[in-house]
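Peer 1: Got a structure for you, written out below as structure tokens; questions coming shortly.
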Amino acid sequence: MSEGNLRPGWTFLTNHAHVLICVASEPEVRVRDVADRVGVTERCVQRMLADLEQAGYISRVHQGRRNHYEVHADVPLRHPLERHVKVDSLLRAVLGTTTTDAASSTDQARPESPLPDR
Numbered sequence: 009m010s011e012g013n014l015r016p017g018w019t020f021l022t023n024h025a026h027v028l029i030c031v032a033s034e035p036e037v038r039v040r041d042v043a044d045r046v047g048v049t050e051r052c053v054q055r056m057l058a059d060l061e062q063a064g065y066i067s068r069v070h071q072g073r074r075n076h077y078e079v080h081a082d083v084p085l086r087h088p089l090e091r092h093v094k095v096d097s098l099l100r101a102v103l104g105t106t107t108t109d110a111a112s113s114t115d116q117a118r119p120e121s122p123l124p125d126r
């Protein structure tokens, strides 16, 4: 099927996954920047971050006026079809690196965002 025949408006990954990918690749990313990359409002990102934190996928630490996000890579995905897969496997597939590698690379140079700016 050619790309012109695809129905716009859906992706394989959810917006929650996109938010998780953003914070995994850039642990000190601003909510505004995540919203721009994912294509949703800042309020939606705040709700998704709260969902991810409540489910144990991330934790956040306030550092001054910013948040620092830590991804818990050993947590399994939620859906019954994917429970055998851990977050780390998803992030490796999308980012090409582990969450630890992605976080440490931000100390040296900012990696290119996995999601395009909109």
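The opening residue of the sequence shown carries number 9 in my numbering; numbering runs sequentially from there.
Even glycine gets a Cβ: it sits at the ideal position worked out from N, Cα and C.
With 16 as the cutoff for other CB atoms within 10 Å, does H92 come out buried or exposed?
Peer 2: Exposed is the call here.
Peer 1: Where does the unbroken alpha helix (DSSP H) through E78 begin, and where does it stop?
Peer 2: Taken as a continuous stretch (DSSP letters only), E78 belongs to no alpha helix (DSSP H), being part of the beta strand (DSSP E) at 74 to 79.
Peer 1: What separation, rounded to the nearest whole angstrom, lies between the Cα atoms of G64 and T19?
Peer 2: C-alpha separation (whole angstroms): 24 Å.
Peer 1: Apart from the five residues on each side of it in sequence, which residues of its chain come closer than 8 Å, Cβ to Cβ, to Q54?
Peer 2: The residues are V39.
Peer 1: Would you call the CB atoms of P35 and H80 closer than 8 Å?
Peer 2: Not closer than 8 Å, so no.
Peer 1: Could you tell me the boundaries of the alpha helix (DSSP H) in which R68 lies?
Peer 2: Premise fails: R68 lies in the beta strand (DSSP E), 66 to 71, not in any alpha helix (DSSP H).
Peer 1: If you measure between the beta carbons of V83 and M56, is that distance less than 8 Å?
Peer 2: For V83 and M56, no; Cβs fall outside 8 Å.
Peer 1: With distance defined between alpha-carbon atoms, name the residue in E90, L21, E50, I29 nearest to T105.
Peer 2: Per the Cα distances, I29.
Peer 1: I need the straight-line Cα distance from T49 to D96, nearest angstrom please.
Peer 2: Cα to Cα, T49 sits roughly 26 Å from D96.
Peer 1: Just to confirm the assignment, what range does the alpha helix (DSSP H) spanning E34 have?
Peer 2: No alpha helix (DSSP H) holds E34; DSSP gives it neither H nor E.
Peer 1: Does DSSP put T114 in a helix, a strand or coil?
Peer 2: With a pLDDT of only 47 at T114, under the threshold of 50, the placement of this residue in the model should not be trusted; the figure read from the coordinates follows. If DSSP states are grouped into helix, strand and coil, T114 belongs with the helices.
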